[in-house]
Amino acid sequence: DVKVTQSSRYLVKRTGEKVFLECVQDMDHENMFWYRQDPGLGLRLIYFSYDVKMKEKGDIPEGYSVSREKKERFSLILESASTNQTSMYLCASSLPRGQGLLYGYTFGSGTRLTVV
Amino acid sequence: QQQVKQSPQSLIVQKGGISIINCAYENTAFDYFPWYQQFPGKGPALLIAIRPDVSEKKEGRFTISFNKSAKQFSLHIMDSQPGDSATYFCAAGDVRGADGLTFGKGTHLIIQP
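Line by line, the protein sequences give chains H and B.
By the count of our numbering, the first sequence reaches residue 275 at its end, each step adding exactly one.
By the count of our numbering, the second sequence reaches residue 116 at its end, each step adding exactly one.
Here's what the structure looks like:
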């Protein structure tokens with residue numbers, strides 16, 4: 160069963176901490192994405208990557224960075240966590256450009272991050 | 004930011020009824036319109052998707068209707084069942100995969116037995 164795995168289901172961090180959220184996919188997908196999900200706001204794109212060591216800003220990149228050193232792994236980094244970053248974070252992967260989105264995204268189950 | 008506007012925010016339907024969720028988009032460059040279904044504790048999963056070269060696509064009890072001139076599309080769930088209770092997201096994007104998908108804010112659907 161192919162899947163996207165997010166390393167933590169729940170995380171509680173303190174304001175100002177540096178936080179790493181890890182995502183691994185086993186489908187050999189080129190594209191990987193980080194979204195945050197908030198009630199009433201839907202899913203908002205933070206960053207995405209089309210290839211190893213490549214990254215693109217999404218709609219809400221402020222306060223976040225990403226790392227993609229290996230094809231299967233895409234990390235989201237909160238440089239200095241703040242309470243307004245309390246949210247559900249969803250990682251997704253998809254087939255590459257050209258094949259595009261016809262097979263959709265595969266999402267992980269999410270990491271619920273609370274910053275106190 | 005290109006928006007996708009989704010309504011209603013929540014919806015209660017009796018078992019056996021028709022559930023209808025609507026979305027509108029702004030960017031005329033979008034050419035791929037999927038719907039995702041999310042159950043509690045799970046990530047969203049692709050339910051059904053449509054390209055703008057057709058006005059309707061049906062898969063089982065789920066149908067997407069697409070109106071290109073109005074820049075609107077909708078999800079119809081026929082014979083709604085309690086197992087359909089979930090949050091539904093519409094989305095829009097470039098089928099080539101550029102720039103990711105833009106999602107609506109979601110509809111919390113409850114099917115009452």
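All residues carry an ideal CB built from backbone N, CA and C; glycine is no exception.
For residue 86 of chain B, decide whether its Cβ has a neighbour in chain H, counting only Cβ atoms nearer than 8 Å.
Start at 1 with the first residue of the second sequence, and residue 86 of chain B comes out as number 83. By this cut-off, residue 86 of chain B is not an interface position.
Applying the criterion that 16 or more other CB atoms from any shown protein chain within 10 Å of the CB defines a buried residue, is residue 189 of chain H buried or exposed?
As a working mapping, residue 189 of chain H is identified with position 30 in the first sequence. Counting the other CB atoms within 10 Å of its CB gives residue 189 of chain H a total of 16 or more, which places it among the buried residues.
Cβ-based neighbour list, residue 264 of chain H, same chain, cut-off 8 Å, excluding 5 preceding and 5 following:
Within the first sequence, the letter at position 105 stands for residue 264 of chain H. Spatial neighbours of residue 264 of chain H in its own chain (CB-CB distance under 8 Å, excluding positions within 5 residues in sequence) are listed in chain order as 192, 251, 252, 253.
Kindly list the residues whose CB is nearer than 6 Å to the CB of residue 271 of chain H, restricted to its own chain and excluding five residues on each side of it in sequence; keep chain order.
Here residue 271 of chain H refers to the residue found at position 112 of the first sequence. Contacts found: 169, 247.
From this set, B:104, B:95, B:97, B:91, which residue's C-alpha is nearest residue 22 of chain B's C-alpha?
As a working note, residue 22 of chain B is residue 19 in the second sequence. That would be B:91, whose Cα lies nearest to the Cα of residue 22 of chain B.
Hey, is residue 56 of chain B close to the ligand SAH, as in C-beta under 7 Å from one of its heavy atoms?
The model depicted lacks the ligand SAH and carries no ligand whatsoever.
Going along the chain, which residues of its own chain have a beta-carbon closer than 7 Å to the beta-carbon of residue 175 of chain H, five neighbours each way excluded?
Sequence index remark: in the first sequence, residue 175 of chain H carries index 16 (1-based). Taken in chain order, the residues that qualify are 239, 240.
Between B:37, B:30, B:46, B:75, which lies nearest to residue 65 of chain B when the distance is taken from Cα to Cα?
For the purposes of this step, residue 65 of chain B is identified with residue 62 of the second sequence, where counting begins at 1. Among B:37, B:30, B:46, B:75, the Cα nearest to that of residue 65 of chain B belongs to B:37.
Evaluate contact between the stretch 230-239 of chain H and the stretch 172-186 of chain H, counting only Cβ atoms and requiring at least three cross-stretch pairs below 8 Å.
These segments touch.
What are the complete beta strand (DSSP E) segments, minimum 3 residues, inside the stretch 40-96 of chain B?
Whole beta strand (DSSP E) segments, 3+ residues: 48-53, 59-62, 65-70, 75-80, 89-95.
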